[in-house]
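Structure record follows, encoded as structure tokens.
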Amino acid sequence: MLASIFIDGYNINIQNTNVVLCKVYLYVAFLFASVTPSILILASIDRLLISSQNVDTRLYSSKRLAYFSISISTTFWMIYHVHLLIKVNIVEIYPSIFVCYYGTSTTYVNYIFYSVMVMNVSFAILMTFLSILSFKNVRQIRILPRQQRGQIRTMKKKDFQLLRCLFVQGIIFTFFCIFIAADFTYQAAEKDRIQTSRNEAISTFIYNLFTTLYNIPFCANFYVFVSFSKAFRQDVKQLIRKMFGKDTIAPREEEPNNGENINYKVPGVNSVAISN
């Protein structure tokens, strides 16, 4: 996001003037573009585990496993994208016009374009699949009697709200990442063809447009949680009160009473009535 603000917003292209900045810029860009959806997928897996009716499966939803999974995922992407630090360079595309690019090898450039397409499509499919499975679990879940809750952890209201937020985040990412994946595929297919000035202008405009759309999921999280999570809104209000010196006691999470029916509404799924 920071690079997009300087490059696209203010036309500051310092990455085209220094080889080190060029390599670091593309490496970090690809790293965050891979790590962010990976963490979203891991969070969806966590919601899938905690929404399971199997007690042993729910126990796998833990901070320790989350830290371990995120560390492994981040390390994998850091190693996977090391090739960018080696191959990326400043290339002269026109006389006296230099840009930070993936290099002069057509094979390597095609590999970059198609790998981006495969990663984004894979991320989208995984998010959709995990969301469907989680909502399937939600429709079947039954909260245990109150006397057993101290022994076995069950889903709370915050868990359901987080599940809804993750589902919406998955939809947003899937929708906007498809455009950039399609554009990278098109660029790979048209790279060796002679482009007229008009075609180059259209291609540049489409690329800038799709890049802007691709950045939307990375800055939409706050608005998603504010819109779909009551607990998050309460935490934000509490934080604002603390900032202005009007500290209050945070409201406790409501627990269902015996015999009470609670309807949990999730996007795309009928209301889930959970009876105690």
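Following the numbering used here, the numbering of the sequence shown begins with 46 at its first residue and continues without gaps.
Beta carbons are placed, not taken as given, at the ideal position from N, Cα and C, and that holds for glycine.
Compare the C-beta of residue i with all C-beta atoms of chain D and state if any pair is closer than 8 Å.
i    : result
H126 : The chain labelled as chain D is not found in the depicted structure, where only one protein chain is given.
So for residue i, helix, strand or coil by DSSP?
i    : result
V136 : strand
I57  : coil
F143 : strand
M172 : helix
I239 : coil
E300 : Its pLDDT being 48, under 50, E300 is placed unreliably by the model, and the measurement read from it follows with that caveat. Three-state result, E300: coil.
N253 : helix
K202 : helix
N266 : helix
G148 : coil
K291 : coil
M3   : Residue coverage of the chain in this structure runs from 46 to 321, which leaves residue 3 outside it and unanswerable.
Q279 : helix
L104 : coil
M162 : helix
Q219 : Before going on, a small fix: residue 219 reads as Thr here, not Gln. Correct three-state label for T219: helix.
Do the CB positions of residue i and residue j come within less than 8 Å of each other?
i    : j    : result
M172 : F220 : no
I50  : N58  : no
F158 : Q232 : yes
N182 : S83  : no
M123 : L76  : yes
L87  : S114 : yes
A227 : V161 : no
S79  : M164 : yes
Y55  : H126 : no
Just the C-alpha distance for residue i and residue j, rounded to the nearest angstrom, thanks.
i    : j    : result
S89  : T81  : 13 Å
C222 : Y252 : 13 Å
S118 : F229 : 24 Å
F263 : Y147 : 24 Å
N315 : R238 : Below a pLDDT of 50, predicted positions are generally treated as unreliable, and N315, at 43, falls in that range; no measurement from the model is reported.
P140 : Y153 : 23 Å
A111 : F121 : 15 Å
V166 : F273 : 26 Å
Q206 : S176 : 13 Å
K291 : K275 : 20 Å
A48  : D280 : 31 Å
F289 : A74  : 37 Å
By Cβ distance, which residues of its chain are closer than 6 Å to residue i, with the 5 residues on each side in sequence left out?
i    : result
F224 : F255 and L258
I261 : F221
A265 : I217
L178 : L93
V269 : C210, V213 and Q214
Can you name, in chain order, every residue of its own chain whose Cβ lies under 7 Å from the Cβ of residue i, other than the five neighbours on each side?
i    : result
R278 : V271
R103 : L94, I95, S97 and R198
Quick one: residues in its chain with C-beta nearer than 8 Å to the C-beta of residue i, no 5 flanking neighbours on either side, listed in chain order?
i    : result
N155 : A233 and K236
Any 3 or more C-beta pairs closer than 8 Å across the stretch 208 to 218 and the stretch 163 to 179: yes
Could you tell me whether the stretch 244 to 251 touches the stretch 205 to 212, using the rule of 3 or more Cβ pairs below 8 Å? no
Are the stretch 121 to 140 and the stretch 68 to 81 touching by the rule of at least three beta carbon pairs closer than 8 Å? yes
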